[in-house]
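Notes follow once the structure below has been shown.
Number of protein chains: 2
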Amino acid sequence: MGVGHTKFGKFQDKGLLDLLSDASLKAIEDSTTSDKDFDSVYVGAMSPAAFNNISGIASALVDRISLLPAAADHIKNGPASGGSAIKAGFQAIASGMEDLVLVVGGEKMTHITTPGYVTSNVATLTHHEAERQQGVSLPSLGGLLTRAYLEKYDAKLEWISDIAIKNHKNGALNPNAHFQRTIESIMESAIKKGKGTWEDVHEFLNDDKINPIIADPLRLFHVCPISDGAAALVLCNAEKAKEYCDTPILISGIGQATDTQIVFEREELTVLKALRLCSDSAYKMAHKTPKDIDVAELHDAFEILEAIQSEDIGFFDKGKGAKAAHEGQTEIGGKIPINPSGGLKARGHPLGATGVAQVVELVWQLRGEASKRQVDGAKTGITCNFGGFGNNIISILVERIK
Amino acid sequence: MGVGHTKFGKFQDKGLLDLLSDASLKAIEDSTTSDKDFDSVYVGAMSPAAFNNISGIASALVDRISLLPAAADHIKNGPASGGSAIKAGFQAIASGMEDLVLVVGGEKMTHITTPGYVTSNVATLTHHEAERQQGVSLPSLGGLLTRAYLEKYDAKLEWISDIAIKNHKNGALNPNAHFQRTIESIMESAIKKGKGTWEDVHEFLNDDKINPIIADPLRLFHVCPISDGAAALVLCNAEKAKEYCDTPILISGIGQATDTQIVFEREELTVLKALRLCSDSAYKMAHKTPKDIDVAELHDAFEILEAIQSEDIGFFDKGKGAKAAHEGQTEIGGKIPINPSGGLKARGHPLGATGVAQVVELVWQLRGEASKRQVDGAKTGITCNFGGFGNNIISILVERIK
Numbered sequence: 001m002g003v004g005h006t007k008f009g010k011f012q013d014k015g016l017l018d019l020l021s022d023a024s025l026k027a028i029e030d031s032t033t034s035d036k037d038f039d040s041v042y043v044g045a046m047s048p049a050a051f052n053n054i055s056g057i058a059s060a061l062v063d064r065i066s067l068l069p070a071a072a073d074h075i076k077n078g079p080a081s082g083g084s085a086i087k088a089g090f091q092a093i094a095s096g097m098e099d100l101v102l103v104v105g106g107e108k109m110t111h112i113t114t115p116g117y118v119t120s121n122v123a124t125l126t127h128h129e130a131e132r133q134q135g136v137s138l139p140s141l142g143g144l145l146t147r148a149y150l151e152k153y154d155a156k157l158e159w160i161s162d163i164a165i166k167n168h169k170n171g172a173l174n175p176n177a178h179f180q181r182t183i184e185s186i187m188e189s190a191i192k193k194g195k196g197t198w199e200d201v202h203e204f205l206n207d208d209k210i211n212p213i214i215a216d217p218l219r220l221f222h223v224c225p226i227s228d229g230a231a232a233l234v235l236c237n238a239e240k241a242k243e244y245c246d247t248p249i250l251i252s253g254i255g256q257a258t259d260t261q262i263v264f265e266r267e268e269l270t271v272l273k274a275l276r277l278c279s280d281s282a283y284k285m286a287h288k289t290p291k292d293i294d295v296a297e298l299h300d301a302f303e304i305l306e307a308i309q310s311e312d313i314g315f316f317d318k319g320k321g322a323k324a325a326h327e328g329q330t331e332i333g334g335k336i337p338i339n340p341s342g343g344l345k346a347r348g349h350p351l352g353a354t355g356v357a358q359v360v361e362l363v364w365q366l367r368g369e370a371s372k373r374q375v376d377g378a379k380t381g382i383t384c385n386f387g388g389f390g391n392n393i394i395s396i397l398v399e400r401i402k
Numbered sequence: 403m404g405v406g407h408t409k410f411g412k413f414q415d416k417g418l419l420d421l422l423s424d425a426s427l428k429a430i431e432d433s434t435t436s437d438k439d440f441d442s443v444y445v446g447a448m449s450p451a452a453f454n455n456i457s458g459i460a461s462a463l464v465d466r467i468s469l470l471p472a473a474a475d476h477i478k479n480g481p482a483s484g485g486s487a488i489k490a491g492f493q494a495i496a497s498g499m500e501d502l503v504l505v506v507g508g509e510k511m512t513h514i515t516t517p518g519y520v521t522s523n524v525a526t527l528t529h530h531e532a533e534r535q536q537g538v539s540l541p542s543l544g545g546l547l548t549r550a551y552l553e554k555y556d557a558k559l560e561w562i563s564d565i566a567i568k569n570h571k572n573g574a575l576n577p578n579a580h581f582q583r584t585i586e587s588i589m590e591s592a593i594k595k596g597k598g599t600w601e602d603v604h605e606f607l608n609d610d611k612i613n614p615i616i617a618d619p620l621r622l623f624h625v626c627p628i629s630d631g632a633a634a635l636v637l638c639n640a641e642k643a644k645e646y647c648d649t650p651i652l653i654s655g656i657g658q659a660t661d662t663q664i665v666f667e668r669e670e671l672t673v674l675k676a677l678r679l680c681s682d683s684a685y686k687m688a689h690k691t692p693k694d695i696d697v698a699e700l701h702d703a704f705e706i707l708e709a710i711q712s713e714d715i716g717f718f719d720k721g722k723g724a725k726a727a728h729e730g731q732t733e734i735g736g737k738i739p740i741n742p743s744g745g746l747k748a749r750g751h752p753l754g755a756t757g758v759a760q761v762v763e764l765v766w767q768l769r770g771e772a773s774k775r776q777v778d779g780a781k782t783g784i785t786c787n788f789g790g791f792g793n794n795i796i797s798i799l800v801e802r803i804k
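Chains as they are written, first to last, in our numbering: chain A, 1 to 402; chain B, 403 to 804.
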């Protein structure tokens with residue numbers, strides 16, 4: 001019924017509760033439900049205790065925005081906490097126990113100055129003995145996956161970079177994005193020494209000073225930033241939404257699946273089995289196939305993930321995702337636009353916010369409210385939200401119903 | 403369909419995942435569902451990141467106990483995380499999206515040796531500026547509430563102590579309890595100097611050396627311990643449960659409500675408004691009244707809470723709860739037995755485990771499997787699970803259906 005989204009970025013003068021409140025109030029205003037009583041509030045956030053020294057974040061929020069005595073719960077699923085919170089809110093309504101629900105996801109991290117604190121915290125998602133104690137972090141798994149993909153398939157690292165270029169281009173059209181500049185404009189002074197060709201851009205993207213290596217072969221521009229921000233949804237029964245909204249958007253499919261926590265135990269490193277399973281569930285629940293999808297928001301915490309997800313969610317054959325991005329098939333106006341919002345790379349990645357922000361972007365796209373980044377005639381969209389490193393994935397399918 | 407419960411206590415050689423796994427496997431075995439596929443796992447735990455350095459605890463558990471690719475989420479609601487996890491699992495089934503669900507709550511804390519670490523962590527549930535920065539902790543709020551109750555109503559501190567005496571007596575009958583000794587036996591050497599009368603016991607309970615003050619007027623025996631442990635439930639649709647189980651137990655009512663986070667902002671300090679609202683919802687959903695309840699498991703993190711909860715959940719008039727406990731009305735065999743398990747005081751309080759353990763105890767009571775602590779003929783039970791200091795409360799009503 002309603003969506004809300006703070007700008008993502010670096011906010012020194014706001015706390016997590018401020019961001020969650022801002023997104024929530026925007027969603028409530030957007031939904032025209034401000035005079036109605038909410039039954040419950042589901043908050044998706046990964047680590048408010050570690051980052052913000054708050055427990056009971058949902059209880060605190062419901063009081064802060066005057067929704068007492070609504071029920072309030074905090075749902076945690078790593079960087080997929082937002083997607084899991086949507087699933088919880090959806091099931092609450094579908095169960096018939098709750099009529100009007102607020103779902104909000106958010107994270108506040110940029111105030112943390114201890115070097116490595118955020119990455120170490122996120123690394124607690126990995127297996128303690130088999131991975132973390134051996135020095136494995138999420139970026140190192142991103143590097144490993146990139147190398148495996150490039151070795152196994154006919155693909156180039158530059159094509160992975162092309163995903164980042166595309167996402168920055170989209171982010172430049174999104175007023176809520178953390179980065180609203182194209183990579184070409186960021187590198188303008190360097191690029192203008194050349195002729196501004198694709199080769200020139202990639203030459204500079206391979207420069208260790210301009211684009212340092214984070215986890216070989218991943219460089220800075222292959223990796224999402226640390227961001228602050230929040231996003232929110234107001235949910236109700238679909239029949240009621242039709243009464244209240246001009247353009248209600250239906251959540252018609254939700255799937256969630258898990259895979260081994262230890263990455264090396266998986267049958268095939270470059271296959272996201274959990275995504276295949278959960279997107280399959282979402283398609284089945286909605287009676288759709290990948291061919292019905294007009295626009296997608298995928299979880300490009302590392303740009304390699306967008307390529308692989310675009311395959312396992314059913315858009316491209318295995319090993320062809322990076323090439324498709326290179327060919328422009330995933331641009332706005334392409335065969336299947338991916339991350340018109342700018343994705344995690346350019347919109348930013350305030351962990352718990354991401355899964356909700358993905359659905360907010362799809363709602364705007366399906367309502368036709370995405371202005372400069374509008375995918376023409378989009379009626380059906382899907383998301384991929386990643387908890388851990390591919391071991392807990394949620395896929396949400398939304399469609400326009402009127 | 404099935405319940406599982408580890409012993410609660412101090413386990414130096416088990417981690418949180420071990421405890422969650424133990425309780426889960428017991429519940430699965432008890433449910434005779436071991437050959438079936440689980441759709442999802444909901445884990446209730448308050449602070450596994452702070453206490454155990456693990457994020458993605460639900461994802462890790464589902465892998466550990468070989469339930470892949472079941473969906474997995476971690477539900478947080480402070481010390482009511484267990485109750486909230488049950489609500490999430492219930493709504494998942496009631497929505498029709500999931501058929502077979504595992505709910506498990508647990509916490510592992512006794513390995514933490516830094517003085518005050520656990521209490522400080524739990525204090526992050528309070529309001530940062532208005533409470534925590536002023537030195538308010540949960541025990542201090544327990545002390546404040548005790549004093550307010552004693553001043554407002556015709557009650558004595560000794561009657562609050564009687565709740566602890568009753569809960570230790572029940573805990574002595576519970577093989578899973580953290581403390582399996584009566585207060586009289588713990589104080590035997592001291593008490594035997596007197597004649598072992600009620601007055602003798604209370605004389606020693608008022609001795610600063612034997613029973614030191616924690617937060618005036620609360621003493622050690624008015625406060626629950628820090629415990630390790632886990633408890634689990636296997637849930638499915640009620641119609642299916644009737645096919646599979648000899649004695650299926652129905653969750654027929656669930657209510658959850660919030661109140662102001664800042665305790666001094668409440669209309670009336672000694673009234674738990676959120677409990678009145680949430681238990682009212684649970685009674686209405688189940689078409690029951692307090693008179694229908696045969697046994698209750700309440701959240702006596704501080705013994706004053708059991709007295710006040712027994713009023714606001716509808717068993718006694720306001721101000722009469724402590725007196726009723728003193729008179730023995732809440733003992734096993736009394737008018738309305740409360741905490742036959744020993745409650746948080748004697749069974750122990752591994753935060754996230756408590757809400758699930760309360761329902762496990764009621765299941766055993768309703769099945770007639772509670773052996774020495776059995777409440778004769780119990781057919782209907784209710785819980786109160788406290789997130790924060792009364793600002794987020796869940797009440798679950800269960801009944802025997804065959």
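Ideal placement from N, C-alpha and C gives every residue a C-beta, glycine not left out.
Mind checking the segment 464 to 490 of chain B against chain A and listing, in chain order, the residues whose C-beta falls within less than 7 Å of any C-beta there?
VAL464, ASP465, LEU470, PRO471, ALA472, ALA473, ALA474, ASP475, HIS476, ILE477, LYS478, ASN479, GLY480, SER486 and ALA490
Note down, in chain order, every chain A residue with its Cβ under 8 Å from the Cβ of ALA688(B).
By one-based count along the second sequence, residue 688(B) stands at place 286. None at all; the shortest Cβ gap to chain A is about 12 Å.
In whole angstroms, give me the CA-to-CA distance for THR782(B) and ARG64(A).
In the second sequence, residue 782(B) corresponds to position 380, counting from 1. In the first sequence, residue 64(A) corresponds to position 64, counting from 1. Whole-angstrom Cα-Cα distance: 37 Å.
Looking only at its chain, what residues have a beta carbon closer than 6 Å to the beta carbon of GLU311(A), apart from the 5 residues adjacent to it on each side?
Residue numbering aside, residue 311(A) sits at position 311 when the first sequence is read from its first letter. Cβ neighbours of GLU311(A) beyond the five flanking positions: LYS318 and GLY321.
Which ranges does the alpha helix (DSSP H) cover as unbroken runs of at least 4 residues, wholly within the segment 421 to 483 of chain B, from first to last along the chain?
450 to 454 and 459 to 466
For THR408(B) and ALA525(B), what's the separation of their Cα atoms in angstroms?
The residue you call residue 408(B) lines up with position 6 of the second sequence. The residue you call residue 525(B) lines up with position 123 of the second sequence. Approximately 26 Å, taken between the alpha carbons.
State the Cα-Cα distance for the pair LEU419(B) and GLU705(B), rounded to the nearest angstrom.
Within the second sequence, residue 419(B) is the residue found at index 17, counting from 1. Within the second sequence, residue 705(B) is the residue found at index 303, counting from 1. So the alpha carbons of these two residues sit roughly 30 Å apart.
Under 9 Å between the Cβ atoms of ILE86(A) and ASP259(A)?
For the purposes of this step, residue 86(A) is identified with residue 86 of the first sequence, where counting begins at 1. For the purposes of this step, residue 259(A) is identified with residue 259 of the first sequence, where counting begins at 1. No, Cβ-Cβ distance for ILE86(A) and ASP259(A) is not below 9 Å.
According to DSSP, what are the bridge partners of ARG400(A)?
The sequence position of residue 400(A) within the first sequence is 400, counting from 1. DSSP output for ARG400(A) lists ILE249(A) as bridge partner(s).
LEU469(B): which of PRO541(B), LEU502(B) and LEU677(B) sits nearest, CA to CA?
Here residue 469(B) refers to the residue found at position 67 of the second sequence. Ranking PRO541(B), LEU502(B) and LEU677(B) by Cα distance to LEU469(B) puts LEU502(B) first.
Along the segment 777 to 801 of chain B, where does the CB come closer than 9 Å to a CB of chain A? Name the residues.
GLY789, GLY790, ASN793, ASN794 and ILE796
Between the Cα of GLY229(A) and those of VAL295(A), GLY334(A), ASN174(A) and THR354(A), spot the shortest distance and give me the residue it belongs to.
Walking along the first sequence from the start, residue 229(A) turns up at place 229. Of VAL295(A), GLY334(A), ASN174(A) and THR354(A), the residue nearest in Cα terms is THR354(A).
Nearest-angstrom Cα distance between ARG549(B) and LEU543(B)?
If you number the second sequence from 1, residue 549(B) lands on position 147. If you number the second sequence from 1, residue 543(B) lands on position 141. Going from the Cα of ARG549(B) to the Cα of LEU543(B) covers about 10 Å.
So, does the CB of GLU98(A) fall closer than 9 Å to a CB anywhere in chain B?
The residue you call residue 98(A) lines up with position 98 of the first sequence. Closer than 9 Å to some Cβ of chain B, the Cβ of GLU98(A) qualifies, so yes.
Closest to GLU641(B) by C-alpha separation, out of VAL505(B), ILE803(B) and GLY411(B), would be which residue?
Walking along the second sequence from the start, residue 641(B) turns up at place 239. Nearest to GLU641(B) by alpha-carbon distance, out of VAL505(B), ILE803(B) and GLY411(B), is ILE803(B).
Rounded to whole angstroms, what is the Cα-Cα separation between HIS689(B) and SER40(A)?
As a position in the second sequence, residue 689(B) is number 287, starting the count at 1. As a position in the first sequence, residue 40(A) is number 40, starting the count at 1. Roughly 22 Å separates the two Cα atoms.
Pop quiz: MET375(A) and ASP294(A) are said to be a contact at Cβ under 8 Å. What is the actual Cβ separation, rounded to whole angstroms?
Looking up residue 375(A) in the first sequence gives position 375. Looking up residue 294(A) in the first sequence gives position 294. Before going further, note that residue 375(A) is Val rather than Met in the sequence given. So it is a contact: roughly 6 Å between Cβ atoms.
What are the partner residues of VAL398(B), as DSSP defines its beta bridges?
An answer regarding residue 398(B) cannot be provided, because it is not within the stretch 403 to 804 covered by chain B.
Are the beta-carbon atoms of MET448(B) and GLU509(B) separated by less than 9 Å?
Your numbering for residue 448(B) matches position 46 in the second sequence. Your numbering for residue 509(B) matches position 107 in the second sequence. For MET448(B) and GLU509(B), yes; Cβs fall inside 9 Å.
Is it true that the CB of PHE791(B) sits closer than 9 Å to the CB of LEU527(B)?
Within the second sequence, numbered from 1, the residue matching residue 527(B) stands at position 125. Within the second sequence, numbered from 1, the residue matching residue 791(B) stands at position 389. Cβ atoms of LEU527(B) and PHE791(B): closer than 9 Å.
Are the CB atoms of GLY352(A) and SER81(A) within a distance shorter than 9 Å?
Against the first sequence, residue 81(A) aligns to sequence position 81. Against the first sequence, residue 352(A) aligns to sequence position 352. Cβ distance < 9 Å, so SER81(A) and GLY352(A) count as in contact.
For a contact defined as C-beta to C-beta under 8 Å, what are the partners of GLY253(A) on chain B?
To locate residue 253(A), count along the first sequence from 1; it is residue 253. What GLY253(A) touches in chain B: nothing, since even the nearest Cβ is about 10 Å away.
Is the Cβ of ASN237(A) closer than 9 Å to any Cβ of chain B?
Reading the first sequence from its first residue, position 237 is the one you call residue 237(A). Not one chain B Cβ lies under 9 Å of ASN237(A).
With distances taken Cα to Cα, identify the nearest neighbour of GLY789(B) among ILE456(B), LYS412(B), PRO481(B) and ASP437(B).
Residue numbering aside, residue 789(B) sits at position 387 when the second sequence is read from its first letter. Closest option to GLY789(B), Cα to Cα, is PRO481(B).
Ordered along the chain, which non-local residues of its own chain (more than five positions away) have a Cβ less than 8 Å from that of LYS372(A)?
Residue 372(A) sits at position 372 when you count from the first residue of the first sequence. LEU173, listed in sequence order.
Using DSSP bridges, identify the partner residues of VAL122(A).
Position 122 of the first sequence, counted from the start, is the residue given in the question as residue 122(A). Its beta-bridge partners do not exist; DSSP assigns none.
Which runs of the beta strand (DSSP E) at least 3 residues long sit entirely within the segment 597 to 640 of chain B? Give them in chain order.
Qualifying beta strand (DSSP E) stretches, in chain order: 615 to 617 and 631 to 638.
Tell me whether the beta-carbon of ALA748(B) lies closer than 9 Å to the beta-carbon of GLY573(B).
Indexing the second sequence from 1 puts residue 748(B) at position 346. Indexing the second sequence from 1 puts residue 573(B) at position 171. For ALA748(B) and GLY573(B), yes; Cβs fall inside 9 Å.
Drop a sphere of 10 angstroms on the beta-carbon of TRP600(B), count the other beta-carbons inside from all chains shown, and report buried for 16 or more, exposed for fewer.
Position 198 of the second sequence, counting from 1, holds the residue named residue 600(B). Flag for TRP600(B) reads exposed.
Can you pull the chain A neighbours of LEU527(B), defined as C-beta to C-beta under 9 Å?
Working through the second sequence from its first residue, we reach residue 527(B) at position 125. What LEU527(B) touches in chain A: ILE54, SER55, GLY56, SER59 and ALA60.
Output needed in chain order: residues of the segment 248 to 280 of chain A with a Cβ under 9 Å from some Cβ in chain B.
ILE254, GLY255, GLN256, ALA257, THR258, ASP259, THR260, GLN261, ILE262, GLU265, LYS273, ALA274, LEU277 and CYS278
Tell me LEU102(A)'s beta-bridge partners as DSSP assigns them.
Numbered from its first residue, the first sequence carries residue 102(A) at position 102. Paired residues: VAL41(A) and VAL234(A).
Please list the terminal residues of the continuous alpha helix (DSSP H) segment that includes ILE740(B).
The residue labelled residue 740(B) in the question sits at position 338 within the second sequence. Taken as a continuous stretch (DSSP letters only), ILE740(B) belongs to no alpha helix (DSSP H), as it is neither H nor E.
Run down chain A in chain order and give the residues with a C-beta less than 9 Å from the C-beta of ALA634(B).
Here residue 634(B) is taken as the residue at index 232 of the second sequence, counted from 1. Neighbours of ALA634(B) across chain A, judged by C-beta separation under 9 Å, do not exist; the nearest C-beta is about 18 Å away.
Taking the alpha carbon of THR377(B) as the point to measure from, which residue in ILE567(B), ASN578(B) and LYS644(B) has its own alpha carbon closest?
Because chain B is modelled from 403 through 804, residue 377(B) falls outside the range shown and cannot be assessed.
Measuring alpha carbon to alpha carbon, tell me which of LYS428(B), ASN479(B), SER497(B) and ILE430(B) ends up nearest ASN793(B).
Translated into positions along the second sequence, residue 793(B) becomes position 391. Out of LYS428(B), ASN479(B), SER497(B) and ILE430(B), ASN479(B) has the C-alpha closest to the C-alpha of ASN793(B).
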